[in-house]
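Numbering (the numbering used here), first residue to last: 5 to 339.
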């Protein structure tokens with residue numbers, strides 16, 4: 005483990021995988037409950053590593069540790085390439101999701117020891133493949149979870165591969181076992197396992213996402229609501245799948261889409277995990293930048309301050325806003 009300055013990131017390993025931990029540096033809020041950690045996983049597309057995800061969505065305003073974990077394995081080419089049509093690639097995907105969940109309890113124990121953080125529930129977050137791992141971890145009760153935030157989670161790997169087939173004209177070479185394994189990781193089938201658990205969940209999608217179309221985010225939201233898993237909100241941005249520029253393996257200044265998503269995630273977790281001088285209970289308020297599609301429609305289809313846009317509501321998406329001053333996960337401190 006490295007990072008002696010309490011205001012700087014901590015780099016370490018847990019169960020053999022690298023992690024980056026960003027310390028709670030928010031000066032206008034303090035933890036409002038037992039949750040002292042958020043754990044987040046990257047994807048197979050940029051950002052592909054813990055350090056790249058920490059730079060893309062640092063959630064600096066959240067007054068708890070934000071810990072970014074590498075996935076146990078990754079696949080070259082990402083989910084939009086023809087690579088995903090190979091049996092080896094989809095098996096790597098399934099292994100990454102399943103092993104991330106399996107290793108989480110042990111990894112979390114090591115991280116708590118490294119950071120001197122007491123036991124308690126955690127917030128879970130993830131991008132793309134990492135989003136699938138986060139939902140699976142919560143559904144399987146791998147660790148106590150207080151809240152979830154999923155950015156472009158791979159809702160159905162089989163449908164993602166089917167879309168690649170249509171675009172490329174190529175055919176899948178998956179074995180029957182690979183098909184069955186991928187189908188077991190369909191999030192719509194897993195979501196009912198959260199029934200009655202009261203886990204507030206945020207879903208973020210991209211209107212131009214070809215891996216996880218916005219309609220799939222809306223459908224997953226509806227499944228969660230029907231199964232009474234807890235409060236569920238969703239929002240759609242004018243963005244594609246990636247949250248960082250290629251190659252997405254190193255800490256780099258965040259792109260505009262990542263800045264927007266980071267703002268929504270920060271608001272979401274602050275409302276549920278933080279106490280501020282003007283704090284109100286999450287049940288009595290609604291995340292301004294993460295409003296549901298229905299609310300976005302009522303207010304004119306878009307939130308001009310964040311670029312949030314509802315695909316269901318229609319209309320023209322807003323023009324991009326200027327990104328905030330870049331911040332590096334290697335540098336620490338506030339943005």
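Where is the CB? At the ideal position from N, CA and C, for every residue including glycine. All values derive from a computational prediction rather than experimental measurement.
- Item | residue 136 versus 241, 32, 13, 44, residue with shortest Cα-Cα distance | Sequence index remark: in the chain shown, residue 136 carries index 132 (1-based). Measuring from the Cα of residue 136, the nearest candidate turns out to be 44.
- Three-state secondary structure assigned by DSSP to residue 209: Within the chain shown, the letter at position 205 stands for residue 209. In the structure shown, residue 209 sits in a strand (DSSP, three-state: E or B).
- Write down every uninterrupted run of the alpha helix (DSSP H) in the segment 213-245 whose length is 4 residues or greater and which is fully enclosed by it, in chain order. 218-230
- Range covered by the alpha helix (DSSP H) that runs through residue 73: Here residue 73 is taken as the residue at index 69 of the chain shown, counted from 1. Looking at the DSSP string, residue 73 is not in any alpha helix (DSSP H); the run it does join, the beta strand (DSSP E), is 69-73.
- Distance, residue 132 Cα to residue 279 Cα: Along the chain shown, read from residue 1 onward, the residue named residue 279 stands at position 275. Along the chain shown, read from residue 1 onward, the residue named residue 132 stands at position 128. About 30 Å.
- What are the boundary residues of the alpha helix (DSSP H) that includes residue 88? Sequence index remark: in the chain shown, residue 88 carries index 84 (1-based). Per DSSP, residue 88 belongs to no alpha helix (DSSP H) and is neither H nor E.
- Query: Under a Cβ-count criterion, where at least 16 other Cβ atoms within 10 Å of its own Cβ denotes burial, should residue 406 be classed as buried or exposed?
  - Reply: Missing from the structure shown is residue 406; the chain here goes from 5 to 339 and no further.
- Beta carbon of residue 76, beta carbon of residue 103: below 7 Å? Start at 1 with the first residue of the chain shown, and residue 76 comes out as number 72. Start at 1 with the first residue of the chain shown, and residue 103 comes out as number 99. For residue 76 and residue 103, yes; Cβs fall inside 7 Å.
- Message: Could you tell me the alpha carbon to alpha carbon distance between residue 260 and residue 63, rounded to whole angstroms?
- Response: Position 256 of the chain shown, counted from the first residue, corresponds to residue 260. Position 59 of the chain shown, counted from the first residue, corresponds to residue 63. Roughly 15 Å separates the two Cα atoms.
- Message: By the three-class DSSP mapping on this structure, what secondary structure does residue 280 have?
- Response: Stepping through the chain shown from its first residue, residue 280 is reached at position 276. Here residue 280 sits in coil by DSSP.
- Are the Cβ atoms of residue 83 and residue 215 separated by less than 7 Å? For the purposes of this step, residue 83 is identified with residue 79 of the chain shown, where counting begins at 1. For the purposes of this step, residue 215 is identified with residue 211 of the chain shown, where counting begins at 1. Going by C-beta atoms, residue 83 is nearer than 7 Å to residue 215.
- Find out if the Cβ-Cβ distance for the pair residue 143, residue 189 is shorter than 7 Å. Taking the first residue of the chain shown as position 1, residue 143 is located at position 139. Taking the first residue of the chain shown as position 1, residue 189 is located at position 185. No, Cβ-Cβ distance for residue 143 and residue 189 is not below 7 Å.
- Task: Measure the CB-CB distance between residue 248 and residue 224 and report whether it falls below 7 Å.
- Result: Numbered from 1 along the chain shown, position 244 holds the residue referred to as residue 248. Numbered from 1 along the chain shown, position 220 holds the residue referred to as residue 224. Not closer than 7 Å, so no.
- Task: Out of 218, 128, 203, state which residue places its alpha-carbon closest to the alpha-carbon of residue 209.
- Result: Counting from one through the chain shown, the residue named residue 209 turns up at place 205. When each option's Cα is compared against that of residue 209, the closest is 218.
- Task: Evaluate residue 101 with the Cβ neighbour count: other Cβ atoms within 10 Å of its Cβ, from every protein chain shown; 16 or more gives buried, anything less gives exposed.
- Result: Residue numbering aside, residue 101 sits at position 97 when the chain shown is read from its first letter. Buried is the call here.
- Message: Quick check on the burial criterion: 16 or more other C-beta atoms within 10 angstroms. Buried or exposed for residue 134?
- Response: Mapped onto the chain shown, residue 134 falls at position 130. Residue 134 comes out buried.
- Query: In or out: residue 172 buried (at least 16 other Cβ within 10 Å) or exposed?
  - Reply: Here the question's residue 172 lines up with position 168 in the chain shown. With fewer than 16 other Cβ atoms within 10 Å, it is exposed.
- Task: Go ahead and pull the three-state DSSP assignment for residue 173.
- Result: Taking the first residue of the chain shown as position 1, residue 173 is located at position 169. The DSSP-derived three-state label of residue 173 is coil.
- Task: Report the partner residues of residue 97 according to the DSSP bridge assignment.
- Result: Against the chain shown, residue 97 aligns to sequence position 93. According to DSSP, which records beta bridges pairwise, residue 97 is partnered with nothing at all.
- If we ignore side chains and look at the alpha-carbon of each, how far apart do residue 285 and residue 276 end up? The residue you call residue 285 lines up with position 281 of the chain shown. The residue you call residue 276 lines up with position 272 of the chain shown. Caution applies to residue 285, whose pLDDT of 49 falls short of 50 and renders its modelled position unreliable; the value that the coordinates give is listed next. Cα to Cα, the separation comes out at about 8 Å.
- Task: May I ask which residues mark the beginning and end of the alpha helix (DSSP H) holding residue 133?
- Result: Position 129 of the chain shown holds residue 133. Taken as a continuous stretch (DSSP letters only), the alpha helix (DSSP H) holding residue 133 covers 133-143.
- Query: residue 30 lies in the beta strand (DSSP E); which residues open and close that run?
  - Reply: Here the question's residue 30 lines up with position 26 in the chain shown. Element bounds for residue 30: n/a, residue is neither H nor E.
- Item | Endpoints, the alpha helix (DSSP H) within which residue 186 is located | The residue you call residue 186 lines up with position 182 of the chain shown. Per DSSP, residue 186 belongs to the alpha helix (DSSP H) from 180-187.
- Query: Quick one: what's got a C-beta closer than 8 Å to residue 127's C-beta in the same chain, skipping five residues either side?
  - Reply: Within the chain shown, the letter at position 123 stands for residue 127. Same-chain partners within the cutoff: 39, 41, 42, 43, 68, 149, 150, 151, 152, 153, 273, 276, 277.
- Query: According to DSSP, is residue 199 helix, strand or coil?
  - Reply: Mapped onto the chain shown, residue 199 falls at position 195. Reduced to three states, the DSSP call for residue 199 is coil.
- Query: In terms of alpha-carbon separation, which member of 61, 59, 91 lies closest to residue 175?
  - Reply: Within the chain shown, the letter at position 171 stands for residue 175. Among 61, 59, 91, the Cα nearest to that of residue 175 belongs to 91.
- Message: Distance check for residue 65 and residue 58, CA to CA, integer angstroms please.
- Response: On the chain shown, residue 58 is found 54 positions in, with the first residue counted as 1. On the chain shown, residue 65 is found 61 positions in, with the first residue counted as 1. One C-alpha to the other measures close to 13 Å.
- residue 4 lies in the beta strand (DSSP E); which residues open and close that run? It is not possible to answer for residue 4, since the shown part of the chain is limited to 5 through 339.
- Report the rounded CA-to-CA distance for residue 49 versus residue 178, giving the unit in angstroms. Taking the first residue of the chain shown as position 1, residue 49 is located at position 45. Taking the first residue of the chain shown as position 1, residue 178 is located at position 174. Put simply, the backbone Cα of residue 49 is about 21 Å away from that of residue 178.
- Can you list, in chain order, the residues of its chain whose CB lies under 7 Å from that of residue 202, leaving out five sequence neighbours each side? The sequence position of residue 202 within the chain shown is 198, counting from 1. Its chain contains 234 as the residues whose beta carbon lies nearer than 7 Å to that of residue 202, once the 5 sequence neighbours on both sides are disregarded; these appear in chain order.
- Are the Cβ atoms of residue 107 and residue 236 separated by less than 7 Å? Working through the chain shown from its first residue, we reach residue 107 at position 103. Working through the chain shown from its first residue, we reach residue 236 at position 232. Contact: no.
- Work out the CA separation of residue 161 and residue 184 for me, nearest whole Å. Residue mapping note: residue 184 aligns to position 180 of the chain shown, counting from 1. Residue mapping note: residue 161 aligns to position 157 of the chain shown, counting from 1. Linking residue 184 to residue 161 through their CA atoms gives a straight-line distance of about 11 Å.
- Under 7 Å between C-beta atoms, does residue 198 make it to chain D? In the displayed structure, chain D is absent; only one protein chain is listed.
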